[in-house]
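Following: one structure in structure tokens, then a few remarks.
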Amino acid sequence: MHIENGFCDIGVLKYLCLPKIGQMNYFSYHTHTTFCDGKNTTEEFVERAIDLGLSAVGFSSHAPLVQNEPWSMPLQSLKEYAAEVEGLKQKYRSKIQIYLSLEIDYIPEVTKSFKELKKEAGLDYTIGSVHLVKAKSDSEYWFLDGPDTNYIHGIEVLFDGDVQKAVTAYYNQVIEMIETQKPDIVGHVDKVKMNNKGRFFSENEKWYIDLLDETIKVIKNSGTIVEVNTRGIYKKKCDSFFPGLYFLRECKKYAVPVTISTDAHHVDELVSGFDLAVSLLKDIGFESVRVFVNGGWFDQTL
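For the sequence shown, the positions run 1 to 302 when UniProt numbering is used.
Laid out in structure tokens, this is it:
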């Protein structure tokens, strides 16, 4: 492998060279397989991760939900999922670290507790996210992802056209998740901006900045890790990472720990945007990211 100006040439691609953990460079703790809305099997992910030289791959399928969602794992598949990942840990233990996780959605008074899910499935760590914002009742949710029509419908119908009310409900739900569920990682913390595209609110408005500041304060007090999620960038759904520059600068200011996530749904996405995230974090002044090794979180120098 040729290294020039801090970059490694791998075929026609160039990936930023990070200090190695063990004998490998990259890691991926947020991945989705065919157990939920991913496009590849767990073993296909492991094999590609080894080919790319990752130090670790963690599987984080969308946890089962009370209501049936096409992107989440069916409840009846949870035991099979856990057993399959545990089997791969043993099969590939000499080549790569493999971890079992779930990306767990939080809906107040609806979803199962993270602690309960972690124990039930034997998870190594948890990623907490909000995709469905509770609206007028336990059966009405603002879905932040998917078709643009879902996003618009949520604002216009579920929150009576009041975008500030809708966005505030999102961040309040994220904050409640962090305070009550205590996830190891908070997933794509400002994803509410993705389908906004500058149409309904500005990220520079004071009320929005105030919500970010409140969320950062809660994260700081909780010890939760913020993921720098690259998926919005490489899928061209957003012009910034989740979270954006302001949030990351405040994380640095208040010594909030971060990690890097590509949120891969396909093996070709395992390191997509990873190098850009490293560069941005360095520019902001971060000197390390959190990595998971043998049951604990440690600082890895950038």
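Yeah, the Cβ is synthetic: ideal placement off N, Cα and C, and Gly gets one too. Because the structure is a prediction, the values reported are computed rather than measured.
Checklist entry - Among Tyr254, Lys235, Ala63, which has the Cα closest to the Cα of Val226? => result Considering only alpha carbons, the answer is Tyr254.
Item to check | Classification of Lys191 by the beta-carbon crowding that lies within 10 angstroms, buried from 16 upward | outcome: With 16 or more other Cβ atoms within 10 Å, it is buried.
Next on the checklist: Excluding the 5 residues flanking Trp207 on each side, which residues of the same chain have their C-beta closer than 7 Å to its C-beta?
Outcome noted: Excluding positions up to five away in sequence, the list reads Gln164.
Checklist entry - Under 8 Å between the Cβ atoms of Phe59 and Val85? => result Going by C-beta atoms, Phe59 is nearer than 8 Å to Val85.
Item to check | CA-to-CA distance, Ser113 to Phe286, given in whole angstroms | outcome: Distance between the alpha carbons of Phe286 and Ser113: 32 Å.
Checklist entry - Using DSSP with H/G/I as helix, E/B as strand and the rest coil, what is Glu103? => result If DSSP states are grouped into helix, strand and coil, Glu103 belongs with the strands.
Checklist entry - Under the rule that 16 or more other beta-carbon atoms within 10 Å means buried, what is Lys91, buried or exposed? => result Answer is exposed; the Cβ neighbour count stays below 16.
Checklist entry - Under the rule that 16 or more other beta-carbon atoms within 10 Å means buried, what is Thr301, buried or exposed? => result In the assembly as shown, Thr301 is an exposed residue. Its beta-carbon has fewer than 16 other beta-carbons within 10 Å.
Item to check | Among Cys238, Leu245, Val256, Phe298, nearest to Asn204 - alpha-carbon criterion | outcome: Out of Cys238, Leu245, Val256, Phe298, the CA that lies nearest to the CA of Asn204 is found in Leu245.
Checklist entry - If we count Cβ pairs, one from each stretch, closer than 8 Å, do we get three or more for the stretch 65-73 versus the stretch 38-52? => result No: fewer than three Cβ pairs fall under 8 Å.
Next on the checklist: I want to know whether the stretch 215-229 touches the stretch 149-166 - three or more CB-CB distances under 8 Å.
Outcome noted: The stretch 215-229 vs the stretch 149-166: no contact.
Checklist entry - Roughly how many angstroms lie between the CA atoms of Trp297 and Pro147, to the nearest whole one? => result C-alpha separation (whole angstroms): 36 Å.
Checklist entry - What does a CB cutoff of less than 7 Å around Ser288 pick up in its chain, not counting 5 residues either side in sequence? => result Excluding sequence neighbours, Ser288 sits near Asp299, Gln300, Thr301, Leu302.
Item to check | Three-way DSSP call (helix, strand, coil) for Glu269 in this model | outcome: Helix.
Item to check | N-terminal and C-terminal residue of the alpha helix (DSSP H) that Asp275 is part of | outcome: Per DSSP, Asp275 belongs to the alpha helix (DSSP H) from 274-284.
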